[in-house]
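Here's the structure, in structure tokens; my notes come after.
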Amino acid sequence: MRTTTLPRPRGELTEHLFSALRAGGDFRGLATKTTGDDAALALWVLHELHYRGLTDIDDALEWDPQLLRVRRQLEADLEDRLRSRFHAPAGLSFVEDALDWIDEQDGPSLARHVHRNASRDQVLDLLAVRSIYHLKESDPVAWVVPRLGVRAKAALMELQYDEYGGGDPNRLHHHLFELGMEASGLDPAYDAHLDAVPLEALEQNNTLSLFGLHRRLRGAALGHLAAFEATSSLPSRRMAEGLRRLDFPDELVEYYTEHVEADAVHEQLAVRTICAGLLAEEPELEGDVWFGAYTCLDLESRFAHAMFARWGIEERAA
Ligand SMILES: [Fe+2]
Ligand SMILES: [Fe+2]
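This is the structure we're talking about:
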């Protein structure tokens, strides 16, 4: 399994952190009072120690207390930022009302743009940037499994079984994306496009890892999952049609067509069975479930704005 090569640093923290990681050395002096790209990239790399590891970096550093201190500070800053934007919908029940509430949130849509107007270069750029999510897909959610009661756990495993290909490596979703990238002429390596990934996409992925790695945030992780699945089926159809319009290969189109039907089922499963199971056992987590769902939509909307700006597109025309 290929691991991640350290990307280009984006500021003082990542400069120092990456040299110290390479030296296997002293992390005590690392300044965590940094924001933006520098903080987001540092956190992404530190989380990576918990996934597949980093090329030529000692695996034992996953549990280095000084690195954990840095990781915790960066995560605390991220969580504060996410919570400061969150407004809990008043008087709604997640299990009864979340799907309607999600439908009413109307953010900018990259899939709509790909469907009708995007150029081939814009789509290639989007695929490269999104690859840091798609090549992991359900991995951050897998951390949550042992932290749940039986109803939520059994239901989450039903969903995860699909995401992981139901026992067939060639149906494993993040592998389907890899095959699609390869067929489209894009380097499918996990770390190939990291330097091109904007802050907003790093933060989406850091948030998934934050919610997955902290047991106290299991409600937010499942709320995020529910909102993600509930906003995937129709955009996946649009993506598939846009990719066909631009003559992208079947392998890539198939990744999205797979998600049209799968996620129509997954959204019901995520809200009505997984979150319902969680909240039946731990009703005090309802606020966190909403926080996760809100954050999923908020970060996707920020990411879409960032991509339209990057392509010089006026959103009303998109
Ligand atoms: Fe999937
Ligand atoms: Fe799904």
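If you're matching positions, the sequence shown starts at 883 in my numbering and goes up one per residue.
Positions of the beta carbon are idealized from the N, C-alpha and C atoms, including for glycine.
Just so we're clear, the structure is a prediction, and the values are computed from it rather than from any experiment.
Give the DSSP-derived three-state secondary structure of residue i in the structure shown.
i, result
"LEU1068", "coil"
"THR1089", "helix"
"THR896", "helix"
"LEU1054", "coil"
"LEU1107", "helix"
"THR887", "coil"
"LEU1161", "helix"
"LEU992", "helix"
"LEU1095", "helix"
"LEU936", "strand"
"LEU1009", "helix"
"PHE968", "coil"
"GLY1048", "helix"
"PHE1130", "coil"
"HIS1075", "coil"
Measure the Cβ-Cβ separation of residue i and residue j and say whether it is below 7 Å.
i, j, result
"PHE1110", "ALA1103", "no"
"THR1155", "ALA1037", "yes"
"GLY1101", "LEU1181", "no"
"TYR1015", "GLY1062", "no"
"THR885", "ARG934", "yes"
"VAL1171", "CYS1157", "yes"
"GLY1105", "ALA1152", "no"
"LEU949", "PHE909", "yes"
"LEU956", "LEU925", "yes"
"LEU1160", "ALA1034", "yes"
Does the Cβ of residue i lie closer than 6 Å to at least one heavy atom of ligand 4?
i, result
"GLU1111", "In terms of ligand content, the structure shown lacks ligand 4 and carries ligand 1 and ligand 2 instead."
Starting from residue i and walking both ways along the alpha helix (DSSP H), at which residues does that stretch end?
i, result
"VAL927", "918 to 930"
"ALA1186", "1168 to 1192"
"ASP908", "Unbroken run through ASP908: none, as it is neither H nor E."
"PHE976", "976 to 986"
"ILE1195", "Where ILE1195 is concerned, there is no enclosing alpha helix (DSSP H), given that its DSSP letter is neither H nor E."
"PRO1022", "1021 to 1024"
"LYS1035", "1032 to 1045"
Could you say which of the options lies nearest to residue i if we only look at CA atoms?
i, options, result
"LEU1017", "GLY1049, LEU1076, ARG967, HIS1106", "LEU1076"
"ALA922", "ARG953, ASP908, ALA1188, VAL977", "ARG953"
"VAL1185", "GLU1064, PRO1080, ARG998", "Residue identity differs from the one stated: residue 1185 is Phe in this sequence, not Val. Nearest of GLU1064, PRO1080, ARG998 to PHE1185, Cα basis: PRO1080."
"ASN1087", "SER975, SER1020, GLY1159, ASP938", "SER1020"
"GLU1085", "ASP1145, GLY918, LEU1107", "GLY918"
"ASP1069", "PRO1051, ALA1112, LEU1006, TRP1025", "LEU1006"
"THR1113", "LEU1090, THR1089, VAL1011, HIS1141", "HIS1141"
"GLN987", "CYS1178, ILE1195, LEU1054, LYS915", "CYS1178"
Quiz item: Hey, is the stretch 986 to 994 in contact with the stretch 1116 to 1127, meaning 3+ C-beta pairs nearer than 8 Å?
Solution: The stretch 986 to 994 and the stretch 1116 to 1127 touch, with no fewer than 3 CB-CB distances between them shorter than 8 Å.
Exercise. Mind the definition here: the stretch 1028 to 1046 touches the stretch 1121 to 1128 only if three or more C-beta pairs lie below 8 Å; say whether that holds.
Key: Flag = no, the stretch 1028 to 1046 and the stretch 1121 to 1128 do not touch.
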